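Just so we're aligned, residue 5 is where the sequence shown starts under the numbering used here, counting upward by one.
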Amino acid sequence: LRDAGRAIVESGIAPCRVAVISDANVARFHSEPLLASLSSNGFKPTLHIVPAGEASKSLAQTEALCREMTRENHDRKSLVVALGGGVVGDLAGFVASIFYRGIPFVQIPTTIVSQVDSSVGGKTGVNISEGKNLVGTFHQPKLVIVDPETLLTLPDREYLEGFAEAIKHAAIRDAAMLADLAALDPSDRN
Numbered sequence: 005l006r007d008a009g010r011a012i013v014e015s016g017i018a019p020c021r022v023a024v025i026s027d028a029n030v031a032r033f034h035s036e037p038l039l040a041s042l043s044s045n046g047f048k049p050t051l052h053i054v055p056a057g058e059a060s061k062s063l064a065q066t067e068a069l070c071r072e073m074t075r076e077n078h079d080r081k082s083l084v085v086a087l088g089g090g091v092v093g094d095l096a097g098f099v100a101s102i103f104y105r106g107i108p109f110v111q112i113p114t115t116i117v118s119q120v121d122s123s124v125g126g127k128t129g130v131n132i133s134e135g136k137n138l139v140g141t142f143h144q145p146k147l148v149i150v151d152p153e154t155l156l157t158l159p160d161r162e163y164l165e166g167f168a169e170a171i172k173h174a175a176i177r178d179a180a181m182l183a184d185l186a187a188l189d190p191s192d193r194n
């Protein structure tokens, strides 16, 4: 997170206004170093915090974020940075795909599941009462930044569930990776 601003510049994105979208749980641990890194690299960040949990993946929350971003003078030259797990990544990516008919975004996934799956697929969306992810777009992130230190703040259950997702991916696409995963000690977060 401390190098995120530099990494974004090195990826070819010029300093601009940045809407950092996070949830209440993640923001309290990780927003400060990210905002400092963005600022020190010439970006003008604003922080937009949504409630933690699946309920934030909604059209109402999408509208609220778009309105906040407008009030903070974001425009078609702005950038969205998603700082959080899958819910935040889906929501922030969807907002980026529709704000001013689409602006770039960067994913900074903070869970194992979002690091190995949801942050790299380009699927964005929100839920409606008829079902999950029924309203969405495909909007690829310009960059995905993974900071393993974000995993240190996860509750044990969520941390261990992430290993199950990694094992699933290895079984489907890369059997050699299973040996690497078997060698890890999930109780050692360092």
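Just so you know, even glycine gets a beta-carbon here, dropped at the ideal spot from N, CA and C.
If you're wondering where the values come from, they're calculated on a predicted model, not measured in any experiment.
Segment limits, alpha helix (DSSP H) that includes residue i
i, result
"Val91", "Gly90 to Ile102"
"Gln65", "Leu63 to Arg75"
"Asn29", "Ala28 to Ser44"
"Ala18", "Neither: Ala18 is in no alpha helix (DSSP H) and is coded neither H nor E."
"Arg177", "Asp160 to Arg177"
Unbroken beta strand (DSSP E) run spanning residue i, endpoints
i, result
"Val13", "Here Val13 belongs to no beta strand (DSSP E); instead the alpha helix (DSSP H) covers Ala8 to Glu14."
"Ile132", "Lys127 to Ile132"
Which listed residue (the options) has its alpha carbon closest to that of residue i
i, options, result
"Tyr163", "Leu182, Phe142 and Val120", "Val120"
"Pro19", "Ser43, Asn137 and Asp151", "Ser43"
"Phe142", "Arg161, Glu134 and Ile102", "Ile102"
"Gly89", "Ala179, Ile17 and Leu155", "Leu155"
"Gly106", "Phe98, Glu153 and Lys61", "Phe98"
"Lys61", "Val91, Pro37 and Arg161", "Val91"
"Val160", "Glu72, Asp192 and Glu134", "In the sequence under discussion, the amino acid at residue 160 is Asp, which differs from the Val named in the question. Ranking the options by Cα distance to Asp160, first place goes to Asp192."
"Ala168", "Tyr104, Thr157, Pro190 and Val30", "Pro190"
"Asn45", "Ser118, Arg71 and Glu14", "Glu14"
Beta-carbon spacing of residue i, residue j below 8 Å
i, j, result
"Leu69", "Val139", "no"
"Gly93", "Ala86", "yes"
"Gly57", "Ile116", "no"
"Ala28", "Ile53", "yes"
"Leu185", "Ile171", "yes"
"Asp151", "Leu5", "yes"
"Ile17", "Lys146", "yes"
"Glu124", "Ile149", "Here the sequence assigns Val to residue 124, which means Glu is not the residue at that position. Their beta carbons are not under 8 Å apart, which means Val124 does not touch Ile149 by this criterion."
"Ala174", "Met181", "yes"
"Val130", "Thr66", "yes"
Per-residue DSSP class, three states only, for residue i
i, result
"His52", "strand"
"Thr115", "coil"
"Leu138", "strand"
"Val83", "The sequence shown places Leu at residue 83, not Val. Strand, per DSSP."
"Arg193", "coil"
"Val124", "coil"
"Leu5", "coil"
Cut-off 7 Å between Cβ atoms - residues of its own chain near residue i, not counting five sequence neighbours on either side
i, result
"Gln144", "Gly126"
"Ser35", "Val24, Ser26, Leu51 and Leu87"
Below-8 Å beta-carbon distance, residue i vs any chain C residue
i, result
"Val124", "No chain C appears in this structure, which consists of one protein chain only."
Proximal residues to residue i (C-beta, below 6 Å), its chain only, five neighbours per side dropped
i, result
"Val22", "Leu42, Phe47, Pro49, Leu83 and Val85"
"Asp7", "none"
"Ala31", "Ile53"
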